[in-house]
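Read top to bottom, the protein sequences are chains A and B.
Using our numbering, the first residue of the first sequence is number 4, and each one after it goes up by one.
Using our numbering, the first residue of the second sequence is number 38, and each one after it goes up by one.
Beta carbons: idealized from backbone N, C-alpha and C, even for Gly.
Comments concern the structure below.
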Amino acid sequence: MCSSFRVFRVGISFVTMCIFYKSAANSLPELSPHEYFSTLQPGKASLAYFCQADSPSTSVFLEGLHEAVRPLQDYGISVAKVNCIKEETSRYCGKDKDLMKAYLFRGNILLREFPTDTLFDENAIVAHVLFALLFNEVKYITTPEDLQSAENALKGKANIVFSYVRAIGTPEHRAVMEAAFVYGTTCQFVLTTEIALLESIGSEEIEYAHLYFFHCKPVLDLTQECRRILMEQPLTTLNIDLFIKTMNAPLLTEVAEDPQHVSTVHFQLGLPLVFIVSQQATYEADKRTAEWVAWRLLGKAGVLLLLRDSLEANIPQHANVVFKRAEKGVPVEFLVLHDVDSIISHVENNVHIEEKQEDGEDDVEGPDIDIQDDEVAETVYRDRKRQLPLELTVELTEETFNATVMASDSLVLFYAGWQAVSMAFLQSYIDVAAKLKGTSTMLLTRINCADWTDVCTKQNVTEFPVVKMYKEGENPVSYAGMLGTEDLLKFIQLNRISYPVNITSIQEAEQYLHGELYKDLLSYSSVSVLGLFSPTMITAKEDFTEAGRALKGYVITGVYSGEDVLILSNKYAVTLPALLLARHKEGRIESIPLANTHAHDIVQLITDASLETFPEITVENLPSYLRLQKPLLMLFSDGSINPQHEKAVLTMVEQKHLDSLTPCWLNLKNTPVGRGILKAYFDTLPPLPLLVVVNLHSGGRVFAFPSDQAITEQNLFSWLKKLRSRIRNPISKCLLALMQHSSGVFVP
Amino acid sequence: MWGSPGLLLTLALHPALAVAPARDYCVLGAGPAGLQMAYFLQRAGRDYTVLERAPGPGSFFARYPRHRKLISINKRYTGRSNAEFNLRHDWNSLLSHDPRLLFKHYSAAYFPDAGDMQRYLGDFAGRLGLRVQYNTTVLHVALDKDRRAWNGHYFVLTDHKGRVYRCRVLLVATGLSVPNRVDFPGSEHLEGYESVSVDPEDFVGQNVLILGRGNAAFETAENILGVTNFIHMLSRSRVRLSWATHYVGDLRAINNGLLDTYQLKSLDGLLESDLTDLAILKDREGKFHVTLKFFVEEAGTNQSADAVTLPQDDSDNFAMRVAYDRVIRCLGWNFDFSIFNESLRLSSGSEFSRKYPLIRASYEAKGSRGLFVLGTASHSVDYRKSAGGFIHGFRYTVRAVHRLLEQRHHGVAWPATQHPITQLTSSVLRRVNEASGLYQMFGVLADVILVQENATAFEYLEEFPTQMLAQLESLTGRRARHGLFVVHMEYGRNFSGPEKDVFFYDRSVGHTEDAWQSNFLHPVIYYYRHLPTEQEVRFRPAQWPLPRPTAIHHIVEDFLTDWTAPVGHVLPLRRFLENCLGTDLRSFYAESCFLFALTRQKLPPFCRQGYLRKQGLASTESLRRHGVESGLMQDHAAAGQHLRDRGQQPGDRRPV
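The structure is reproduced here in structure tokens:
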């Protein structure tokens with residue numbers, strides 16, 4: 004509402020200005036040459052158009068000249084139309100009717116003559132006239148060397164306003180000239196129409212006019228560059244004026260008063276203010292930070308250093324930045340921002356939103372129609388020019404597909420070149436190929452379904468990306484793990500053995516269980532499962548075999564059904580049929596009886612059994628633990644877990660006090676995104692380690708273990724007890740619901 | 038006991054009826070459409086036979102076009118290997134699984150010879166082992182009512198040898214075989230396109246009048262343009278250039294040499310007049326004069342030709358006052374209704390499409406259930422709109438008919454693929470970028486996406502006849518209970534027409550906001566919260582291919598017809614789909630899903646259907662860096678760095 008009102012007001016003032024302009028517009032005086040030369044005053048500039056008395060009274064040029072009368076008068080330049088009558092000849096009266104020119108005089112000295120076609124409209128007239136008058140103030144250059152020498156000459160002396168316009172006489176040129184009229188004495192103006200020159204200072208969009216402010220005055224060392232600040236707004240007289248004003252304003256101001264009442268040039272110019280809150284102890288460091296911020300925000304916001312110690316107003320204890328919006332009457336914001344970038348982005352985002360709202364008024368489709376908000380699409384797009392070592396994988400075509408997958412064990416990535424998710428995963432896939440290079444018998448291949456759609460359809464692939472493993476004599480298996488390097492690598496490695504492995508002797512079974520049989524695979528599978536069956540248990544063994552196949556590539560499984568299987572069942576005290584589960588990390592072997600268990604349930608049993616009791620939660624394993632549908636008891640730790648905390652939790656687990664929860668911990672060093680989670684819970688990062696209960700499944704509430712208590716069994720026990728009786732209030736509001744963020748066209 | 042009189046009559050007519058075994062499908066005609074249908078029936082393992090009058094397939098092409106040059110383009114190179122995409126530019130091949138049966142292997146000519154088409158069709162029937170009974174001229178088709186039959190009756194076909202065929206379903210693919218004639222005084226002097234000489238030598242130094250303004254007329258003119266004194270071309274309506282109408286049946290540029298010479302002040306010319314008002318008189322020298330029927334009738338029948346008034350007698354600058362050596366009739370073709378018994382009620386269409394039998398948008402005859410019209414004869418559905426009268430169009434409508442039959446008689450639901458909702462944008466993109474059926478049969482066939490409950494999944498159906506949308510559930514055997522999208526392709530609404538300038542400045546748009554003003558063929562997606570009713574389809578707004586949807590989205594036209602630009606095409610499409618379904622269709626890296634999983638109650642489908650099922654998408658170092666730069670992803674590791682720095686000075690909260 005506010006912004007719309009503002010726009011409206013501007014509109015009115017513009018209209019009033021026009022009315023005023025019309026009524027006050029001086030008409031173009033028509034004089035004879037004699038009359039004209041008699042009116043010239045010393046030192047005063049005047050523009051005269053000499054024309055034949057019988058020439059038509061209207062022309063495009065005359066219209067422009069009429070328009071230019073008033074703006075030129077604002078700069079003290081008079082304008083006249085001189086009619087060359089026969090009685091009075093003047094050398095300015097050309098012979099040929101078509102070759103009439105306009106002349107610029109200072110006093111009665113001729114400064115320049117203009118062919119009328121260069122003065123094609125009001126802007127061109129004003130621009131040319133001012134350009135001629137401001138010969139010293141505005142330096143016209145054509146090469147980068149010119150610019151360099153101008154820069155060197157002014158270092159330590161004056162700042163430079165450098166502008167590029169597409170042509171002389173354009174509205175942008177006029178705007179620059181008008182600014183030069185005002186600021187020409189305090190800054191050196193440098194102008195070019197050479198694109199090459201603009202390119203040489205690194206501008207990308209050379210379609211438009213550009214204006215830079217070079218801060219050369221503070222540069223005392225000649226080898227140092229002047230800081231260049233690009234004006235981001237379009238080149239209009241008003242914008243240039245504001246821009247130069249802010250450039251000339253002090254970089255950093257120190258204040259010790261209530262930010263609500265502070266006003267600086269920036270603020271008066273409609274820019275927001277950023278206060279960096281400082282205190283005596285850290286004054287020097289804060290000042291450096293503030294200066295750095297100020298440079299980054301030059302032209303976008305005013306930056307001030309607010310001294311907390313000598314301030315009476317109340318600033319919240321945590322706040323280190325105060326943001327004052329450009330709109331009047333809006334309360335200041337107290338922020339906690341931890342780095343310069345977040346200050347910059349906060350300012351830029353807020354300025355941005357304001358612009359968008361203005362745009363949005365006449366744009367029904369919403370302001371963000373072409374702002375990408377899909378992180379995968381955006382990152383893949385930004386990365387499109389990077390060359391991937393695609394040659395590490397074999398590219399398949401319709402002709403080579405069948406022959407290749409039949410000739411050797413192959414992994415095929417089915418992807419679509421236009422699909423972002425496919426292309427993001429392709430990077431991981433290539434990583435896998437690089438890691439396996441020369442070590443694996445598995446051939447890594449890929450096929451672009453955007454090119455070979457029929458092949459993909461024949462392989463039953465209609466979504467992307469899909470990875471399938473083709474092995475001789477087996478049906479192709481679709482990879483169902485995470486689309487990432489580690490998990491895919493694990494899948495490939497674990498596929499080197501058969502599922503389940505047929506164990507042939509007791510000795511081999513023991514080796515298997517103790518991790519000696521597939522030593523090199525142990526890092527990929529946290530457990531090894533051995534199914535024990537007596538030779539007669541055919542159905543049970545078949546079910547297990549089916550389960551083993553389903554777990555192919557994820558968990559190592561083996562089967563033993565020798566005559567002497569009882570030796571094993573006795574040793575591990577289990578009745579047949581049974582599973583032995585070897586946890587290699589912990590060096591434990593567990594036994595689980597299997598009675599009439601179907602393949603599907605066996606898979607579930609093994610999946611559940613391979614979960615840990617107090618795991619370190621990672622991005623990769625969280626889904627496995629969320630499946631348990633229990634609230635998480637989660638210890639956030641900045642680094643490895645404190646052994647005492649670990650012991651406290653494990654003891655609680657053993658005593659079955661935590662059965663209704665999933666105890667876990669998170670190492671911020673391994674999983675930095677944990678910080679984002681803590682910020683979401685507490686707004687700021689709390690002291691660590693921190694123990695919380697996250698109840699995602701009912702109500703989405705988060706409870707924090709009191710930070711003044713030590714994490715011990717007793718404290719934990721009583722806290723959980725209180726939680727259960729719901730005495731405590733959740734510290735976090737109900738979690739964010741899914742945000743709506745899109746737009747589209749609805750038919751009325 | 039006694040049966041109906043009709044049945045008795047039929048029995049009397051066909052003594053062999055009682056013994057003739059019934060076939061499930063009979064296809065009349067082994068032209069492109071008949072063979073295409075035979076292919077699908079064969080692949081589905083159905084009981085069928087094709088009956089063909091000639092000794093080989095595609096007999097039409099043995100004689101027509103008379104000058105042997107097909108105007109269907111044989112585009113052998115597109116720079117793309119995508120076989121489906123390439124069919125967008127292949128106007129001659131039939132659909133099959135055998136890549137050898139692509140027309141590009143049969144001719145190197147861009148406008149191929151008709152003989153190659155016949156050879157191609159011969160191979161198509163032969164290689165695929167299609168069951169065609171040649172040299173069988175069906176002379177009569179009648180109905181035999183039987184309540185046990187699939188459609189309540191059998192189709193009873195009798196051939197020239199008196200053999201009888203009983204068919205449960207009759208698929209008529211006989212094309213348009215009867216030359217169109219106009220009856221007026223002197224029309225007996227006309228030569229027909231079907232028999233006129235094709236040797237230019239026969240026209241040397243002659244004045245020629247051609248009646249008609251289709252491709253056949255221009256093809257005839259093109260052949261003799263260089264040897265005649267002049268050619269005048271007469272027809273009722275103005276010339277319709279296919280590049281302006283975007284209809285391939287209108288005059289193609291390859292045939293338009295006469296337009297060029299006419300407009301470049303040569304002696305050739307075009308004239309417009311209603312042919313039924315004309316009369317042709319033959320004078321003593323055997324030359325032909327154009328006059329009005331009215332004058333002939335006035336003069337009476339006994340008058341000699343020279344006595345009849347000619348228009349130039351009144352109006353001495355009458356355009357056709359010159360005498361002609363030849364008058365050639367090139368007025369197109371009609372469907373052969375003659376073999377169908379009245380009981381089939383296979384009447385012709387409205388005035389606009391009199392040459393075609395009256396059929397529904399499902400290609401089933403309005404008059405009798407179980408009789409389907411395929412191929413060129415089925416063009417009334419999209420006459421002057423799309424490509425249904427041509428091989429590159431009807432190969433898809435034949436497939437649609439086959440799919441309808443599979444559902445109706447064999448309980449095989451319309452083929453569909455099931456996908457999680459996260460694949461929605463990709464599924465649409467894939468099809469709009471490669472599907473040839475949507476591209477060739479724009480405005481007629483459309484993909485339909487049936488949204489499943491709670492918008493978590495969808496079914497994708499390809500190339501359904503849009504006009505049958507209201508009957509979708511019964512025709513496909515699929516349920517549309519939770520909303521649907523219809524994806525098809527359109528030209529700009531006011532872009533096509535015989536009088537339109539299609540080269541005007543600013544004819545194309547490039548910005549997403551202007552997508553709805555796109556002129557060239559571009560994908561349009563309609564969203565319906567409920568399946569439209571028959572009423573809504575029938576009384577849809579004029580010029581609309583479909584009833585008014587809940588929401589509509591145009592994907593902005595693209596010069597390369599490559600709709601994969603991330604911001605220009607994909608992003609607006611995704612936003613549209615999201616808006617319709619009220620869901621978030623963005624994709625996320627596992628790390629973001631991890632954050633959401635622990636901080637939100639409701640996860641975006643991409644996280645729910647991927648990450649939570651242990652199929653999250655991992656990011657790589659390079660992608661993560663771009664993510665942070667773009668501001669879409671947080672750099673948590675860097676945040677931690679700052680956190681630790683701060684930790685060294687307790688109580689110090691300065692920003693770093």
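Subject >> Chain-ordered neighbours of W455 (chain A) on chain B, where CB pairs are closer than 9 Å >> reply: S118, N119 and A120
Original post:
Listed in chain order, which residues of the segment 409 to 422 of chain A have Cβ atoms closer than 9 Å to some Cβ of chain B?
Top reply: A419, G420, W421 and Q422
**OP:** Give the interface partners of S629 (chain B) over in chain A, defined as CB-CB distance under 7 Å, in chain order.
**Re:** E378
Original post:
Can you list, in chain order, the residues of its chain whose CB lies under 6 Å from that of L525 (chain A), leaving out five sequence neighbours each side?
Top reply: G518 and H587
Original post:
By the criterion of Cβ-Cβ separation under 7 Å, what are the contact partners of M670 (chain B) in chain A?
Top reply: E378
Original post:
Is it the case that the Cβ atoms of D412 (chain A) and L446 (chain A) are separated by a distance below 8 Å?
Top reply: yes
Subject >> Option in A:P503, A:D567, A:A127 and A:D149 with minimal Cα separation from A553 (chain A) >> reply: A:P503
Subject >> Presumed contact (8 Å Cβ cut-off) between L441 (chain B) and S399 (chain B), rounded CB distance >> reply: 6 Å
Original post:
Is A178 (chain A) near I163 (chain A), with beta carbons less than 8 Å apart?
Top reply: no
Subject >> R704 (chain A) (DSSP reduced to helix, strand or coil) >> reply: strand
Subject >> Local conformation of L525 (chain A) per DSSP, three classes >> reply: coil
Original post:
Does DSSP put H603 (chain A) in a helix, in a strand, or in coil?
Top reply: helix
**OP:** Consider the Cβ of S232 (chain B): report whether some Cβ of chain A lies at a distance smaller than 8 Å.
**Re:** no
**OP:** Using a cut-off of 9 Å between C-beta atoms, extract the partners of A483 (chain A) located in chain B.
**Re:** R650, K651 and Q652
Original post:
Going along the chain, which residues of its own chain have a beta-carbon closer than 6 Å to the beta-carbon of N718 (chain A), five neighbours each way excluded?
Top reply: Q712
**OP:** Report the residues of the segment 490 to 521 of chain B with a CB closer than 7 Å to any CB of chain A, ordered along the chain.
**Re:** none
Subject >> From B:S511, B:R273 and B:V345, residue whose alpha carbon lies closest to that of G448 (chain B) >> reply: B:S511
Original post:
Which residues of chain B have a Cβ atom closer than 9 Å to the Cβ of E657 (chain A), listed in chain order?
Top reply: Going along chain B, no residue has its Cβ under 9 Å from E657 (chain A), so there is no contact; the nearest lies around 26 Å.
**OP:** Tell whether a beta-carbon distance below 8 Å holds between K142 (chain A) and F217 (chain A).
**Re:** no
**OP:** Return the residues of the segment 81 to 108 of chain B that lie within a Cβ-Cβ distance of less than 7 Å from chain A, sorted by chain order.
**Re:** none
Subject >> Exposure of C198 (chain A), with buried meaning 16 or more beta-carbon neighbours within 10 Å >> reply: It should be pointed out that residue 198 (chain A) corresponds to Ile in this sequence rather than to Cys. Counting Cβ neighbours within 10 Å, I198 (chain A) comes out exposed, since fewer than 16 surround it.
Original post:
By how many angstroms is the C-alpha of R397 (chain B) removed from the C-alpha of S533 (chain B)?
Top reply: 25 Å
**OP:** With a floor of 4 residues, list each alpha helix (DSSP H) that falls wholly inside the segment 633 to 678 of chain A, ordered by position along the chain.
**Re:** 646 to 657
**OP:** Could you check if H439 (chain B) is buried or exposed, using at least 16 other CB atoms within 10 Å of its CB as the buried criterion?
**Re:** buried
Subject >> Proximal residues to I589 (chain B) (C-beta, below 6 Å), its chain only, five neighbours per side dropped >> reply: Y563
Subject >> Closer than 8 Å to chain B by CB, G518 (chain A) >> reply: no
Subject >> Identity of the residue in B:N260, B:V201, B:P102 and B:W187 nearest P216 (chain B) by Cα >> reply: B:P102
Original post:
Relative to the C-alpha of E259 (chain B), which residue among B:S279, B:G294 and B:Y230 is closest?
Top reply: B:G294
**OP:** Anything in chain B within Cβ reach of L629 (chain A), meaning under 7 Å, just list it in chain order.
**Re:** A634 and L649
Subject >> Closest Cα partner of D311 (chain B) within the set B:L318, B:Y361, B:I261 and B:R250 >> reply: B:R250
Original post:
In or out: Q460 (chain B) buried (at least 16 other Cβ within 10 Å) or exposed?
Top reply: buried
**OP:** Determine contact between the segment 607 to 616 of chain A and the segment 464 to 475 of chain A, defined as no fewer than three beta-carbon pairs at a distance below 8 Å.
**Re:** no
Original post:
Using a Cβ cut-off of 7 Å, which residues of the segment 599 to 631 of chain A contact any Cβ in chain B, in chain order?
Top reply: V622, L625, P626, S627 and L629
Original post:
What's the call for Q320 (chain A), buried or exposed, on a 16-neighbour Cβ count within 10 Å?
Top reply: exposed
Original post:
Just how far apart, CA to CA, sit F221 (chain B) and K330 (chain B)?
Top reply: 7 Å
Original post:
If we ignore side chains and look at the alpha-carbon of each, how far apart do I377 (chain A) and A675 (chain B) end up?
Top reply: Checking the sequence shown, residue 377 (chain A) turns out to be Asp, not Ile. One C-alpha to the other measures close to 22 Å.
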